[in-house]
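Chemist: Heads up: the sequence lines are chains A and B, in that order. When we follow this note's numbering, the leftmost residue of the first sequence carries the number 1, and every step to the right adds one. When we follow this note's numbering, the leftmost residue of the second sequence carries the number 205, and every step to the right adds one.
2 protein chains.
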Amino acid sequence: MPQGQVSVTPDDGLTTRQRRNRPLLVVHTGVMKGKSTAAFGMALRGWNQGWSIGVFQFVKSAKWKVGEEEAFRALGTVHEQTGQGGPVEWHKMGSGWSWSRRKGSETDHAADAVEGWAEIRRRLRDERHGVYVLDEFTYPLKWGWISVDEVVEALTERPGHQHVIITGRDAPQALIDAADLVMETTKIKHPMDDGQKGQRGIEW
Amino acid sequence: MPQGQVSVTPDDGLTTRQRRNRPLLVVHTGVMKGKSTAAFGMALRGWNQGWSIGVFQFVKSAKWKVGEEEAFRALGTVHEQTGQGGPVEWHKMGSGWSWSRRKGSETDHAADAVEGWAEIRRRLRDERHGVYVLDEFTYPLKWGWISVDEVVEALTERPGHQHVIITGRDAPQALIDAADLVMETTKIKHPMDDGQKGQRGIEW
Numbered sequence: 001m002p003q004g005q006v007s008v009t010p011d012d013g014l015t016t017r018q019r020r021n022r023p024l025l026v027v028h029t030g031v032m033k034g035k036s037t038a039a040f041g042m043a044l045r046g047w048n049q050g051w052s053i054g055v056f057q058f059v060k061s062a063k064w065k066v067g068e069e070e071a072f073r074a075l076g077t078v079h080e081q082t083g084q085g086g087p088v089e090w091h092k093m094g095s096g097w098s099w100s101r102r103k104g105s106e107t108d109h110a111a112d113a114v115e116g117w118a119e120i121r122r123r124l125r126d127e128r129h130g131v132y133v134l135d136e137f138t139y140p141l142k143w144g145w146i147s148v149d150e151v152v153e154a155l156t157e158r159p160g161h162q163h164v165i166i167t168g169r170d171a172p173q174a175l176i177d178a179a180d181l182v183m184e185t186t187k188i189k190h191p192m193d194d195g196q197k198g199q200r201g202i203e204w
Numbered sequence: 205m206p207q208g209q210v211s212v213t214p215d216d217g218l219t220t221r222q223r224r225n226r227p228l229l230v231v232h233t234g235v236m237k238g239k240s241t242a243a244f245g246m247a248l249r250g251w252n253q254g255w256s257i258g259v260f261q262f263v264k265s266a267k268w269k270v271g272e273e274e275a276f277r278a279l280g281t282v283h284e285q286t287g288q289g290g291p292v293e294w295h296k297m298g299s300g301w302s303w304s305r306r307k308g309s310e311t312d313h314a315a316d317a318v319e320g321w322a323e324i325r326r327r328l329r330d331e332r333h334g335v336y337v338l339d340e341f342t343y344p345l346k347w348g349w350i351s352v353d354e355v356v357e358a359l360t361e362r363p364g365h366q367h368v369i370i371t372g373r374d375a376p377q378a379l380i381d382a383a384d385l386v387m388e389t390t391k392i393k394h395p396m397d398d399g400q401k402g403q404r405g406i407e408w
């Protein structure tokens with residue numbers, strides 16, 4: 001149960017209930033690893049609410065695979081077989097978006113990223129998912145492949161009750177301004193400082 | 205795949221492989237929510253490796269329930285039925301530790317906490333799990349119910365390949381010193397600042 005204390009009563013004309021159920025735009029940014037891990041942890045809670053989970057990884061390589069993918073796919077199967085939790089879709093740019101006729105180009109990542117965002121925008125309009133994880137989505141924004149203004153507009157105007165969680169370094173200021181919750185994980189101490197390389201089960 | 209660069213080659217007599225597979229002691233601390241969420245996200249990766257996951261929540265109330273609990277229990281069932289991933293155990297102090305004959309006392313939390321730690325210590329000795337999540341474990345340390353020195357000793361001397369993830373505010377310095385990885389999630393912006401209360405699927 002949440003322990004947080006509300007420090008201010010807002011003057012926004014909403015009831016507490018309306019405010020409580022406001023869908024959130026969450027940004028996990030900062031230089032540390034762990035941003036995506038935290039986002040997927042948050043999506044676990046949404047799954048348990050029976051919400052549809054849509055994960056969109058803006059990664060270049062088809063080989064990129066984190067342990068969370070298998071775990072969420074298993075949870076999607078649990079939902080299909082027993083009705084527990086919510087449905088799960090997991091899409092990756094590098095392997096070619098599953099809905100796309102184009103193979104992941106491995107050459108024109110900008111076009112792939114634009115195509116991914118166009119699909120997400122359609123889904124937001126159609127209220128397709130309860131939780132969207134746009135993993136590593138700050139990079140195509142940073143590199144100018146996708147318009148930040150367009151993203152902020154689409155997110156701000158999204159209908160219904162759709163939570164959106166965006167991860168990646170260097171989130172643009174306009175995105176941070178539009179977000180309800182911005183988290184940054186900072187490292188106090190990390191094994192790579194001592195020359196340890198990443199290991200399975202921990203880093204992926 | 206991990207992108208981290210190793211900046212230092214350590215002079216510890218270990219091979220890269222040995223160092224890579226060193227079991228980690230991870231502490232998620234700081235005042236923000238999201239510590240447990242990040243820890244459970246990390247445990248998802250361990251589950252996918254087929255490791256046994258043991259969660260021990262040092263919470264006072266039997267009613268405390270986060271969405272992750274149902275999700276992990278579902279993953280445990282997936283493992284039992286299909287062999288995918290690893291087994292999952294989820295124990296809570298407030299409801300009376302499942303292995304204990306005593307009911308959760310709701311009156312003597314110190315005794316309950318001590319009992320929980322004694323069991324974890326036995327399991328570490330027996331190499332029972334691949335990943336331990338000791339959720340909210342810093343509080344019984346902070347309140348002096350459990351000896352920090354004893355915990356650090358047991359963790360430092362734990363045999364085999366057992367990752368331990370500890371969450372909670374105000375982690376004692378001796379625990380931070382012993383840890384391989386210490387993470388702190390900081391808030392840049394949070395909806396509770398605007399008077400929004402916690403909501404299901406997000407905060408629990």
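Cβ coordinates follow ideal geometry from the N, Cα and C atoms, glycine included.
Could you check if tryptophan 117 of chain A is buried or exposed, using at least 16 other CB atoms within 10 Å of its CB as the buried criterion?
Modeler: Per the 10 Å Cβ criterion, buried.
Chemist: Going along chain A in order, which residues have a C-beta closer than 7 Å to the C-beta of alanine 278 of chain B?
Modeler: Within 7 Å Cβ-Cβ: Leu75, Val78, Gln84 and Gly85.
Chemist: Can you tell me whether glutamine 173 of chain A is helix, strand or coil according to DSSP?
Modeler: Correct three-state label for glutamine 173 of chain A: helix.
Chemist: Please compile the residues from chain B whose C-beta is within a distance smaller than 8 Å of the C-beta of phenylalanine 40 of chain A.
Modeler: Within 8 Å Cβ-Cβ: Gly245 and Leu248.
Chemist: Below 7 Å CB to CB, which residues in the same chain sit around glycine 160 of chain A once its five sequence neighbours on both sides are set aside?
Modeler: Correct list, in chain order: Glu127.
Chemist: Are any of the Cβ atoms in chain B nearer than 8 Å to that of methionine 93 of chain A?
Modeler: Output row for methionine 93 of chain A: interface = no.
Chemist: Helix, strand or coil for histidine 79 of chain A, going by three-state DSSP, please let me know.
Modeler: Helix.
Chemist: Counting pairs of beta carbons, one from the segment 52-66 of chain A and one from the segment 129-140 of chain A, are three or more of them closer than 8 Å?
Modeler: Judged by Cβ distances under 8 Å, the segment 52-66 of chain A makes contact with the segment 129-140 of chain A, as three or more pairs qualify.
Chemist: Go ahead and pull the three-state DSSP assignment for isoleucine 370 of chain B.
Modeler: Isoleucine 370 of chain B: strand per DSSP, three-state reduction.
Chemist: Quick check on glutamate 127 of chain A - is its C-beta less than 8 Å from some C-beta in chain D?
Modeler: Absent here is chain D; the protein component of the structure consists of chains A and B.
Chemist: Distance check for threonine 77 of chain A and glycine 67 of chain A, CA to CA, integer angstroms please.
Modeler: C-alpha separation (whole angstroms): 16 Å.
Chemist: If I measure Cβ to Cβ from histidine 121 of chain A and keep anything under 6 Å in the same chain, skipping five residues before and after, which residues do I get?
Modeler: Histidine is not the amino acid found at residue 121 of chain A; the sequence shown has arginine there. So the list reads Ala154, once near-sequence residues are dropped.
Chemist: Less than 8 Å between the C-beta atoms of alanine 39 of chain A and isoleucine 176 of chain A, yes or no?
Modeler: For alanine 39 of chain A and isoleucine 176 of chain A, no; Cβs fall outside 8 Å.
Chemist: Mind checking whether leucine 75 of chain A and glycine 85 of chain A have CB atoms under 8 Å apart?
Modeler: In contact: leucine 75 of chain A and glycine 85 of chain A (Cβ atoms closer than 8 Å).
Chemist: Along chain A, which residues have their Cβ under 7 Å away from the Cβ of threonine 241 of chain B?
Modeler: The contacting residues are Ala38, Gly41 and Met42.
Chemist: Which bits of chain B does alanine 178 of chain A rub up against, with CB to CB less than 8 Å?
Modeler: Within 8 Å Cβ-Cβ: nothing; alanine 178 of chain A doesn't reach chain B, min ~10 Å.
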